[in-house]
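Chains as they are written, first to last, in my numbering: chain A, 1 to 346; chain B, 347 to 692; chain C, 693 to 1038; chain D, 1039 to 1384. Since the structure comes first, as structure tokens, the remarks are kept for the end.
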């Protein structure tokens, strides 16, 4: 059994990691850590865990946890663990980090978009960006995994094949993304109260959202050149789900089948990426509670644009289940172990 | 592998049975039947099944399906299958019926509340009422299982121990129940459109709801005498969930621990019934996507009443996962096989 | 023009009072007060007020505001204003208090249920309980109006005629109430976050809710004797609305028309109380955004119970529009002035 | 009093027209027509009208209604009334048509996008496109008003000033729009059931939505040249609201103030268009229940794009209240008469 710890187990993503690991046949959840809820029964904080795991939320240092764990999942705010996460810890224990701290290789870009000084720059180089389907080989051997963000996973996977094959003009990409509210976390803020969010839709962080450089960096690797894009996130009244609508100029005259072939080239054998049939648009409900990403597209000959669409569950493939997928790759388990749920409808 | 068929696979409960059986290690889903959607790909009707099960919805007679299946789950409207379900079919294949047709032993009561003539009365006697925790022994050997309704399962399990132990006055029980909208089915009706249900709460079928006699009959078995109760269902704007609030006169002066002991006597060893800690009220979100029933209670010394509360997922313990739980008992599998999910929050 | 001030204008009820007063042809909104948001533009806190009212939220003492206002609406937490509200203020300015501080005549009952010491007991006697339809005469001349709670208004008006006419057994009343989330206020609490409330239903404050003694006291006045009842509130995922389902033993054998006549006796000429046709159940959506209360009932001969149901908008008739209705009565305007909206569907 | 009739009063838009006209001081609602609900009490179909208007839904021919009405609002599907609406009717009665039949001047474009033959082409020329703020002068004298669609009103007004002033590249406009579910109408369709829409987001009619040519035509008038744009609508789980996010290439280097000045040039004196402060994004909740359009924008120097955002209530400014606004202009009433509600939050 792999001994696991979770830091930030009081948040939605941390709790989702906990839920998945509690159901993983090769994992023992040894620590559920939360500074703010330390001392409380985990099942008191998340009633779904009643009678399932008798753990208490504890406040323990990362270095101490690392003595007694094979892997630690960190679901904490940006910058929160940089002071504690020193290279020597990685000699003892592998880290799967769900924060943004090690996702962006260019530390200046990180510091500019996050308005934070980075305190463990020396680990950025070593960290592997955990988009499983794209970086599977590097993930296998890594000690520090930077688990991608929810908007990011959906945005990149939806555009990746066409960007890689230069089928779209690289700087024409306009991403409009919709997110369920769990993406905003479990902090007690007026703006996330039920009555502020329900029966409402809005864009936010326009031109400034921090997932922008992460998407650009990864798509630049795919394209082989710098990519600049517009990313506009929106909040819509549902618990879970990311839906991205990506509009781009086609770089040449292509047929439906041409595009389909490109998607199939990269995703045909991927269990967790489903390219939908012609004229079928992805819907977040059809991936809810699962590790799937659903992708569809439409060519508009009138405008010369292609509209690519992707959907995933922000707490699953957009956070926790992708973290477990990466964990499985890192520790040599079957990739689908513990995350092979069929989406639940309604 | 047990060969299974599902009749009414186009409804929410039928699709949930399908989802669970597709993930059950000892079952092969051989038929997904729907008259109205026959000929369509199942994954076209329920996009969550994309790439998971290549089946097409078919229109096949029950008797023909029975030749090639070990068990058939029927998720159809009341009366729909009575003409087709003849005793000889049970010689070939076991039936787990999610409709109300074989739940009520007194056929006059059935015909009065359902305003239907019963066309296969001869099978009512044989049918076993599938409240697993209460009728486990009879379920094991049965050929025709009457799977309880969603309101019913929740209402009965919440009051059962106190009724059984005569701790409450038998005719004082007032049940107010809230249901998510999936309980109303997938039929195209104006009253279930999003804009009719969202931002709305209402009672319906007041004094007339058909689950009333089912609850009364089962609680009468528990009490050992006829029980008359008030059952008032309500529709609230959420996809899933049943919450019952049951108010009854205590028949004697009891302490919290007295009541707790009674609940523990019946449920302590039940994996899927969780009696909550003192002063904790059940919430539907904490059982969503699972086979659990959560139960809490509060004694009000001022009024002499006890308020018992229960929560379950109407499509799971209230329909599909209880059906699979019963299936496991009937076929000798571990009771939790394929239905052991931790509830998903949020 | 009547000069008005609003204390607690940053809450949902306070903002609703502001919205109604801004549209009232005989009122000038002179002060919108909020300690926590003082200095901010009101339209920055509530974007709906953009370009409608240029006011800034201010922090001003009640006594200072009273110098320059004819009426002050206080929408503040229990006990918040007791220190400031001294009798001399009422010589200058009339107060419409939306808190619970002056609703309960028996101060011991108040202090027991609210766990607070009352610091302005001397004003309780003078305060008039503002259930407009019942206390209209007393309201006209009053200086301190205690505006009823949302659960309370709905619970009392639904049962009042039958209690008054002794048509139900006085201690048999069991009230189950459902509330939209705005009733919980605009405080930043985890329990009211979208993802905690959405797709969830729960009972809370079982046997302990503070509106219980308020309902009992008013129904006791109606009945002419002490009334003890069970009140169980629930939270359901919608912004607005209260739905009460009240079950009581009928004290005699009555027909539909007998009960209907009793309701008509008290409510036939009431513009804002609508007694629905036979077999029609009230729905919160049909009163949303209005000052209406909808009432329906069903006699169950099987059980000897009557089920009475009432619906209102908790922020309107349950708070702000009833406050304005009372204001109209107090200041001699037409009772419907500024609150005569047709409910908005959907 | 102006005598008014409503055709299609059983739909959401028709009922909203009825609600507004019932509250309009200069209007008598003489007919509420619905073929499918003829003979039913209007308050039985929409419970909010209880005790407000005693009308019965009737099935009456347009020509007969025109004999006895000064204005008829038609809220019917495309093509539905073309056979009945003959020029001679306009001699007797003015028509405000909420369908798309007379919005597009180029009948070939209409027939191509709507896949319908147009049966009253002779009236298209006369019809005035009812975007009040832009065509006010023409509206005043018109007999046949083509009331704009919900997506259209929001999309056009958001981009109009910049398009008019050539501040954006005319063919670079990419509109992503979110709609509440009431925009899909009140027809009994599985796809609009609560459980299909709730907790879900999806794009639909990608590259094919019929509001596309209507937006293009109107923006072409503004620009003075043909405009081609990408319009992608999405369905999100809320009752009301349209939010558009429009991304376009700026045609020159401009400051925030430059853009602001252009918006102010056209909208400063418009009561129902609110241009928000810098860095404030429109939210649908802040216009709900009102005739307002809220507009915000953000310049992204990194990409050279401007992101313009607009929000309105699809049943109000997107349908019924704009129809009444046009009615007021046509009949010489104050433009805000009967539609001057402050948005309701939450």
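Heads up, the beta-carbon is just placed ideally off N, CA and C, and yes, glycines get one too.
How should residue i be labelled, buried or exposed, when 16 other C-beta atoms within 10 angstroms of its C-beta is the threshold for buried?
i                       : result
residue 148 of chain A  : buried
residue 731 of chain C  : exposed
residue 625 of chain B  : exposed
residue 533 of chain B  : exposed
residue 1383 of chain D : buried
residue 302 of chain A  : exposed
residue 1063 of chain D : exposed
residue 256 of chain A  : exposed
residue 1153 of chain D : exposed
residue 735 of chain C  : buried
residue 432 of chain B  : exposed
residue 140 of chain A  : exposed
residue 1 of chain A    : exposed
residue 138 of chain A  : exposed
residue 793 of chain C  : buried
Is DSSP giving residue i helix, strand or coil here?
i                       : result
residue 117 of chain A  : coil
residue 250 of chain A  : strand
residue 321 of chain A  : helix
residue 1214 of chain D : strand
residue 402 of chain B  : strand
residue 4 of chain A    : strand
residue 1321 of chain D : strand
residue 1224 of chain D : coil
residue 305 of chain A  : strand
residue 202 of chain A  : strand
Using the Cα positions of residue i and residue j, report the straight-line distance between them to the nearest angstrom.
i                       : j                       : result
residue 112 of chain A  : residue 212 of chain A  : 12 Å
residue 589 of chain B  : residue 660 of chain B  : 9 Å
residue 334 of chain A  : residue 1338 of chain D : 44 Å
residue 421 of chain B  : residue 1235 of chain D : 23 Å
residue 97 of chain A   : residue 33 of chain A   : 14 Å
residue 773 of chain C  : residue 810 of chain C  : 11 Å
residue 1305 of chain D : residue 536 of chain B  : 40 Å
residue 307 of chain A  : residue 1268 of chain D : 9 Å
residue 898 of chain C  : residue 214 of chain A  : 49 Å
Need the endpoints of the beta strand (DSSP E) that residue i sits in, please.
i                       : result
residue 579 of chain B  : 576 to 581
residue 1112 of chain D : 1109 to 1112
residue 839 of chain C  : Per DSSP, residue 839 of chain C belongs to no beta strand (DSSP E) and is neither H nor E.
residue 1132 of chain D : 1132 to 1135
residue 1313 of chain D : 1311 to 1313
residue 298 of chain A  : 293 to 300
Between which two residues does the alpha helix (DSSP H) holding residue i run?
i                       : result
residue 1252 of chain D : 1249 to 1261
residue 886 of chain C  : 886 to 889
residue 1082 of chain D : 1080 to 1083
residue 1297 of chain D : 1294 to 1305
Report yes if the C-beta of residue i is less than 7 Å from at least one heavy atom of the ligand COA; otherwise report no.
i                      : result
residue 770 of chain C : Judged by which ligands are present, the structure shown has none, so any question about the ligand COA falls away.
Validate contact between the region 234 to 253 of chain A and the region 1212 to 1220 of chain D using beta carbons, cut 8 Å, 3 pairs: yes
Three-pair Cβ contact test at 8 Å for the region 737 to 748 of chain C versus the region 1309 to 1327 of chain D: yes
The region 794 to 801 of chain C touching the region 752 to 759 of chain C, judged by at least three CB pairs closer than 8 Å: no
Touch test, the region 473 to 480 of chain B against the region 666 to 673 of chain B, Cβ-Cβ under 8 Å, three pairs minimum: yes
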